[in-house]
Amino acid sequence: MIPPPNPGFKNPRAKFNFVGRTCSIAGVGSYVPAKVLTNADLEKTVSTSDEWITTRTGIKERHIAAPNEFTSDLAANAARLAMQRAGTTPEQIDLIIVATITPDMPFPSTACLVQQKLGAHRAAAFDLEAACSGFIYALEIAQQFIMSRTYDTVLVIGAEKLSSIVDWEDRNTCVLFGDGAGAAILRNRPNAHGLLTAVMGADGRKADLLFMAGGGSRCPATAQSVANRLHFLRMEGRETFKNAVQAMQTAAEEVLRRCEIDISHIKCIVPHQANRRIIDAVGQRINAKPEQFFINLHKYGNTSAASVAIALDEAVSCGRVQTGDLVLLIVFGAGLTWGAAVIEW
Ligand code: ACO
């Protein structure tokens, strides 16, 4: 049982002068492809074991998109569900932001392809690239547009087809990732509950911990780049792990400080779903109780920008998050990038 708020608890909403506007989350939705790839399946293709993957990461299985199913398809499916739950029509959407590192193609943006699939022809649309931190970056940008009165309704999506950039011969990485998408409709609703505040951070000095070298202007696709396997992601696992724990702790502490609340006021923590051990270490450092965390990485692996979006949707769907609860999102990804957000649900 999570203890009730401390005596003297002041709702953090009072701290933010929203002058009649609130960036409320009107609906969330998620989608994962049908095909499931289990640890036992991976044992047949690389030198690994269910035991190694489970003890080092907590992951048991992940979903893999079909060859003719692209990031924009996953994104549009998640978006349709979020729109339905929010009661939002395609014509009402002012802006679509898709956070992804696996766009359908370098250009046009996946957001434009999603706009076409949804028939949201009034909406501006762009992609955002902050790796696994992308969903919180996108939430924060959407909030800025809504609070500045530029837009009233923004569709934020985190979507990835990571299976298209995973090296299925590299056991260090191929066991970690999966495909999927999560979406949220953010809407101005005067004096409603909503996104309170978010923090974002980056450190480009550590860009070489997690990257994909090929396919950009530095190393365009050639027969040589394909032969050298440069179109697959590479990761320095141990260093990434250490940086993830540190950055997620810092981001969580900073966003709580800005809200003038402590961790005991948070009903549900939805962290980036990369590794169970990272989540446990962050929990210890921020003095959170294990039962405060919502974890679904055993089913999906690391779905990068989609990770917290899918987890948030599941936490809401299964009743772990109720109206009025304070929810803490914490993310970390390539870049390096990180972030945290507090939502009053
Ligand atoms: N099966 C069996 N053995 C393996 C496997 C595998 N799938 N993968 C690696 N190993 C081996 C290694 O080769 C190594 O063997 P060696 O000692 O003989 O060289 C041994 O296991 C231990 O490797 P470590 O790297 O020390 O394992 P570690 O405990 O650090 O776990 C892991 C590796 C799971 C990758 C961990 O480091 C991790 O989770 N890192 C963070 C990943 C992350 O959070 N990414 C977030 C951002 S993702 C994004 O932005 C897209």
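Take the sequence shown: its letters are residues 4 to 348, numbered as in the numbering used here.
C-beta: ideal position from N, C-alpha, C; glycine also.
Counting only unbroken stretches of 4 or more residues, the alpha helix (DSSP H) elements lying wholly within the region 47 to 98 are 53 to 60, 74 to 89, in sequence order. Note: M238 is bridge-paired with L213 in the DSSP secondary-structure output. Pairing A82 with G32 gives a Cβ-Cβ distance under 8 Å. Here the alpha carbons of R279 and E46 stand approximately 20 Å from one another. Exclusion of the five residues before and after A277 leaves N305 as the residues of its chain whose Cβ lies within less than 6 Å of its Cβ. Taking C-alpha positions only, T91 is separated from G327 by approximately 22 Å.
Looking at the DSSP output, A184 shares a beta bridge with Y34, A162. Taken through DSSP and simplified to helix, strand or coil, F129 comes out as strand. Judged by the Cβ position, S307 qualifies as a neighbour of ligand 1 at the 7 Å threshold, a heavy atom of the ligand being closer than this. Annotated three-state conformation of V169 is coil, per DSSP.
Straight-line spacing of the CA atoms in A344 and T225 works out to 41 Å. Relative to ligand 1, the nearest heavy atom lies less than 7 Å away from the CB of M238. By the CB criterion at 8 Å, D170 and T176 fall inside the cutoff. Around G218, the same chain offers A224, H234 as residues with beta carbons nearer than 7 Å, after the five sequence neighbours per side are excluded.
For F244, the CB falls within less than 7 Å of some heavy atom of ligand 1.
Sorting V258, R190, V159, R288 by C-alpha distance to the C-alpha of I313 places V159 at the top. About 6 Å separates the Cβ atoms of H196 and W348, confirming a contact at the 8 Å cut-off. By the Cβ-count criterion, C321 is exposed, with fewer than 16 other Cβ atoms from all chains shown falling within 10 Å of its own Cβ.
Annotated three-state conformation of L332 is strand, per DSSP. Apart from the 5 residues on each side of it in sequence, G137 sits with its Cβ closer than 6 Å to the Cβ of A102, L131, G161, A308 in its chain, given in chain order.
Straight-line measurement puts the Cα of E263 at about 42 Å from the Cα of S167.
Bounds of the beta strand (DSSP E) holding I346 are 340 to 347.
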